[in-house]
Structure formats: structure tokens, C-alpha cells
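Below is one structure, written out as C-alpha cells; the observations come after it.
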Amino acid sequence: MEAVAVLDFETTGLSPAQGDRATEIAITRIQDGVVTDRFQSLMNAGRRIPAEITVLTGITNAMIASAPPASEVMRAAANFVGDCPLVAHNAAFDRKFWLAELARLPVSAPPADFACTLLLSRRVYPQFSSHRLGAVVAALGLPAAGRAHRAMADAEMASHLWMQLQRELCERYGVRHLQFAHLMALQRLSRHRVPEWAKALALAS
DNA sequence: TGCCAGGCCCTCTTTAGGGCCTT
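Following this line, the structure appears as C-alpha cells:
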């Protein structure tokens with residue numbers, strides 16, 4: 003499969019539309035089933051972190067105060083990603099912060115496709131009772147990396163999950179390679195249409 | 001003062017409601 007970039011944000015809250023901002027970003031680049039590169043940085047967007055978010059992430063206002071400006075970090079992140087398609091767990095969340103933070107830069111970044119390991123996990127492992135990132139990684143026996151709810155630890159876990167999803171689908175449906183577009187198509191389908199997708203995949207391979 | 005997102009998915013659904021998931 004072509005290279006992908008797996009992204010995770012820590013933020014001050016759930017909604018950029020409500021004024022929330024990113025506080026940390028981590029990105030891995032995956033090529034041929036291996037993490038080949040990593041990008042990670044705290045960032046200062048000038049927005050105070052609520053106490054309950056600090057409890058969750060461990061990221062404090064003091065840490066942010068000494069971090070580089072969000073604009074600088076996001077410019078570097080966009081350069082790191084380049085034209086790679088993106089992957090995130092509950093990608094709708096990371097996508098809206100990615101777009102909101104990039105929209106503040108004077109230069110526009112190319113729009114990126116976002117694959118979602120949460121949606122794919124629901125399709126591929128419907129028997130799991132929880133599809134939270136940590137729960138899925140634990141259920142699959144994948145390595146947990148560092149403190150959960152820090153950007154690089156979560157990006158690493160999502161990376162392992164992304165690679166496991168590909169291995170599982172290849173093995174289950176007897177195909178050697180999956181394209182990013184195949185997984186994007188799968189995540190858009192309702193669960194009962196997965197067999198249709200698998201049949202089309204087998205015919206195309 | 002009190003409130004605060006949004007998209008997906010399931011079902012006791014579809015003229016809707018509520019849980020999950022991200023921080």
C-alpha cells in the first residue's frame with residue numbers, strides 16, 4: 003500500500019467551532035507495514051487548557067507556555083505529511099482540528115483523505131464490545147505505547163491498529179494488497195454491506 | 001443564568017432517540 007500518515011491531536015476540548023485549539027500533535031508515517039518516520043510536538047495556540055483536560059492528557063498550561071507557536075508546528079506538520087493520505091482513530095475529530103488549524107496559516111494545504119480506524123474497527127471486528135482505541139488495541143494484543151491520551155502514544159497505537167486491520171482483511175479475504183481507497187470504501191459502508199465489498203475486492207484482485 | 005460538538009450506528013427506527021467515540 004502507498005505510504006500513509008497516522009495522526010493524533012490533543013486539544014483543549016472537543017470542538018474548534020467552540021474555540022477549542024490543538025495542544026499537541028503526533029504523526030507517524032507508515033510504508034509497507036512499517037513505521038518509517040515520526041513527527042511530534044506540543045504547540046502553543048494561546049488557549050488555556052481546562053483542568054479536566056489536563057487530568058485526561060497530562061498536558062499543562064505551563065507545558066504549552068514554553069511550546070512553539072501553533073502556526074509554526076502546523077506548518078512543519080503539513081510539510082511532514084506532504085501528499086500522504088491520513089489515518090486517525092475517530093478521524094472526524096482529528097480531521098476537523100487538522101482543517102481548522104491549517105486554515106489559520108497564510109498558505110493553504112492540499113485537502114487530504116482521512117481513513118478512520120474507529121469506523122474500520124466496527125466493520126472488521128463487530129464482535130468487540132468497545133471500539134475505543136485503547137480497548138481495541140488491548141483486545142487485539144497490539145503493543146500499547148506510552149501514556150494513553152498523549153499524542154504520540156495514541157498515534158503509535160492507531161498505527162498498529164491500521165496495520166493490523168490491513169493484515170486481517172488481506173488474510174480474511176485472501177488478497178495480497180489493499181489500496182487506501184479500498185479501506186476508504188469499506189469504512190463508508192454499513193456493516194451489512196461488508197460482504198459485498200469483499201466480493202468486489204476478490205473480483206478486482 | 002445556563003448552556004455548550006458532531007458524525008456514525010443501532011433499534012423497541014425511518015415523522016426519532018440515544019449511545020459511542022474523540023479531547
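The numbering of the first sequence is my numbering, which starts it at 3 and goes up by one.
Ideal placement from N, C-alpha and C gives every residue a C-beta, glycine not left out.
The model shown is predicted, which means the values in this text are computed figures rather than measured ones.
Quick one: Cα of residue i to Cα of residue j, how far?
i: Ala47; j: Arg149; result: 23 Å
i: Glu74; j: Ala140; result: 35 Å
i: Ala5; j: Ala105; result: 24 Å
i: Arg23; j: Trp100; result: 10 Å
i: Ala117; j: Leu44; result: 24 Å
i: Gln20; j: Arg169; result: 39 Å
i: Leu122; j: Leu167; result: 8 Å
i: Gln42; j: Pro52; result: 22 Å
i: Glu103; j: Met76; result: 7 Å
i: Arg174; j: Thr59; result: 36 Å
i: Asp96; j: Met165; result: 19 Å
i: Arg125; j: Ala7; result: 21 Å
i: Ala206; j: Val196; result: 15 Å
i: Cys172; j: Ile61; result: 38 Å
i: Asp115; j: Pro87; result: 5 Å
Would you mind sorting residue i into buried or exposed? The rule is 16 or more other CB atoms within 10 Å of its CB.
i: Pro108; result: exposed
i: Gln181; result: exposed
i: Arg152; result: buried
i: His179; result: exposed
i: Pro18; result: buried
i: Arg31; result: buried
i: Val57; result: exposed
i: Ser161; result: buried
i: Ala204; result: exposed
i: Glu158; result: buried
i: Leu16; result: exposed
i: Ala93; result: buried
In this structure, what does DSSP give as the bridge partners for residue i?
i: Val36; result: Gln33
i: Leu185; result: Answer is none; Leu185 lacks a bridge partner.
i: Gln42; result: Ala28
i: Phe82; result: The partner list for Phe82 (beta bridge, DSSP) is empty, contrary to what the question assumes.
i: Val8; result: Thr30, Val89
i: Thr59; result: In DSSP, Thr59 forms no bridge with anything.
>> Can you confirm whether the stretch 189 to 197 touches the stretch 32 to 44 when touching is taken to mean that 3 or more C-beta pairs between the two stretches lie within less than 8 Å?
In response: With a cut-off of 8 Å, the stretch 189 to 197 and the stretch 32 to 44 do not count as touching, because too few Cβ pairs lie within range.
>> Going residue by residue through the stretch 112 to 168, where are the continuous alpha helix (DSSP H) segments of at least 4 residues, counting only ones entirely within it?
In response: Inside the stretch 112 to 168, DSSP marks whole alpha helix (DSSP H) runs of 4 or more residues at positions 119 to 126, 135 to 141, from first to last along the chain.
>> Does the structure place the stretch 63 to 73 close enough to the stretch 130 to 144 that three or more beta carbon pairs sit under 8 Å?
In response: When Cβ pairs closer than 8 Å are counted between the two stretches, the stretch 130 to 144 is seen not to touch the stretch 63 to 73, the count staying below three.
>> Restricting to runs no shorter than 3 residues, where is the beta strand (DSSP E) found entirely within the stretch 84 to 108?
In response: Unbroken beta strand (DSSP E) runs of no fewer than 3 residues, entirely contained in the stretch 84 to 108, are found at 88 to 90, following chain order.
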